[in-house]
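Residue numbers (our numbering): 82 to 204.
Given below as structure tokens:
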């Protein structure tokens, strides 16, 4: 399993994001809460929410990938019914049902693809 880790550049804190089981530019979106990584449910998640997540990870653009393209996650499904306006700095700043409040299984998780890093070495 591979992870994009930006911990060396930015300390990972509650609400931090990473891409799992993919490449450094695409993967299953995971979020940190209470010291544990979990997934984000696809319910209501559009390219608008993906754009907020992409910006948080340092990418200029992105979109929603097909369900399970990057495999099912394990552990908690931390975020469900995420609704962003588009200007939020972090995905956790968007409205959602609450940490761990979900009716989503690991078969409804989000894969979010990223394009064009906004910073860092050229890819």
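Every residue gets a Cβ at the ideal spot worked out from N, C-alpha and C, and that includes glycine.
Legend entry - Cβ contact (3+ pairs, closer than 8 Å) linking the region 151-162 and the region 128-136: no
Inset, instruction - Run the CB neighbour count on residue 132, radius 10 Å, all protein chains shown included, and call it buried at 16 or more, exposed below. - result: On the chain shown, position 51 is the one that residue 132 refers to. It counts as buried.
Inset, instruction - Could you tell me if residue 182 is buried or exposed, where buried requires 16 or more neighbouring beta carbons within 10 angstroms of its beta carbon? - result: Position 101 of the chain shown, counted from the start, is the residue given in the question as residue 182. Residue 182 comes out exposed.
Legend entry - Complete beta strand (DSSP E) runs within the region 110-172 (minimum length 3 residues, chain order): 117-121, 140-146 and 158-160
Inset, instruction - Look at the Cβ atom of residue 110, then the Cβ atom of residue 121, and state whether they are nearer than 8 Å. - result: Indexing the chain shown from 1 puts residue 110 at position 29. Indexing the chain shown from 1 puts residue 121 at position 40. Contact: yes.
Inset, instruction - Within 10 angstroms of the Cβ of residue 168, are there 16 or more other Cβ atoms? Answer buried if so, exposed if not. - result: The residue given as residue 168 occupies position 87 in the chain shown. Burial call: exposed.
Legend entry - Neighbourhood of residue 161 by C-beta distance below 6 Å, restricted to the same chain and skipping five residues each side: Here residue 161 refers to the residue found at position 80 of the chain shown. Same-chain partners within the cutoff: 122, 124, 178, 183 and 185.
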